[in-house]
Amino acid sequence: MKIGTFGSKVFSVSDNKINTFGNISRSANYNTEEQENGGSKPRLKNKAPELESMSFEISLRSDFSNVRREIDEWIQMKGKAYFFIIGKETYGLNKWELVGVEISNQEFAAGGILKKATLSLSFKESITSKKANTAKQTRNTKGG
Numbered sequence: 007m008k009i010g011t012f013g014s015k016v017f018s019v020s021d022n023k024i025n026t027f028g029n030i031s032r033s034a035n036y037n038t039e040e041q042e043n044g045g046s047k048p049r050l051k052n053k054a055p056e057l058e059s060m061s062f063e064i065s066l067r068s069d070f071s072n073v074r075r076e077i078d079e080w081i082q083m084k085g086k087a088y089f090f091i092i093g094k095e096t097y098g099l100n101k102w103e104l105v106g107v108e109i110s111n112q113e114f115a116a117g118g119i120l121k122k123a124t125l126s127l128s129f130k131e132s133i134t135s136k137k138a139n140t141a142k143q144t145r146n147t148k149g150g
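If you count the sequence shown from 1, position 136 lands on 142 in our numbering, and the numbers rise without skipping.
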């Protein structure tokens with residue numbers, strides 16, 4: 007059963023394959039500046055929205071995939087932006103650019119075969135046009 011996609015990567019669960027993600031997090035912040043307020047507590051000045059960030063982990067096991075090849079494929083995707091789809095819905099308003107790949111918990115078998123590893127992937131929101139960014143800022147400023 008297909009869970010989601012990022013570019014050519016498909017997250018799914020079946021009898022012979024488990025390729026899912028976990029520990030997903032997303033952050034949306036606004037850039038602000040503190041300004042002096044005549045001896046009182048400082049005032050906060052809103053500047054602009056920051057790019058959103060997202061991260062998640064993938065546990066890889068040689069029972070279900072070629073761990074080394076899977077790692078290499080994710081590393082090759084750095085700097086590329088795609089929509090992250092969960093079910094039938096896009097996650098966030100824009101594409102996500104893969105900006106970091108961290109490999110941990112690696113276990114090797116005889117002959118140097120990589121049996122398992124954990125990938126920690128980090129992404130930044132990808133704004134492809136000024137128009138898209140302006141529309142987003144307009145949505146963010148309405149009502150407050």
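We put the CB at the ideal spot given by N, CA and C, even for glycine.
Rounded Cβ spacing between residue i and residue j (contact assumed at less than 8 angstroms)
| i | j | result |
| --- | --- | --- |
| F70 | N25 | 7 angstroms |
| I64 | F12 | Wrong, their Cβ atoms sit about 10 angstroms apart, outside the cutoff. |
| S20 | L127 | With a Cβ gap of about 22 angstroms, S20 and L127 do not count as contacting. |
For residue i, the nearest candidate out of the options (CA to CA)
| i | options | result |
| --- | --- | --- |
| T38 | N29, P48 and R32 | P48 |
| I9 | I92, S128 and A116 | I92 |
| K121 | L127, S14 and E113 | E113 |
| V105 | N72, E95, A115 and E58 | E58 |
| S14 | Y97, W80, E42 and P55 | W80 |
| T124 | E40, G44, D78 and L50 | D78 |
C-alpha gap between residue i and residue j, whole angstroms
| i | j | result |
| --- | --- | --- |
| G85 | W102 | 10 angstroms |
| S135 | G118 | 45 angstroms |
Environment of residue i [buried if 16+ CB atoms lie within 10 Å]
| i | result |
| --- | --- |
| E40 | exposed |
| E131 | buried |
| N146 | Unreliable placement is indicated for N146, whose pLDDT of 44 sits below 50; the coordinate value is still reported in the next sentence. N146 comes out exposed. |
| L66 | buried |
Notebook entry, point to check: Which runs of the alpha helix (DSSP H), 4 residues or longer, sit entirely within the region 59-95?
Noted result: 73-82
Checklist line | Every unbroken alpha helix (DSSP H) within the region 12-50, with a cutoff of 4 residues, ordered by chain | finding: none
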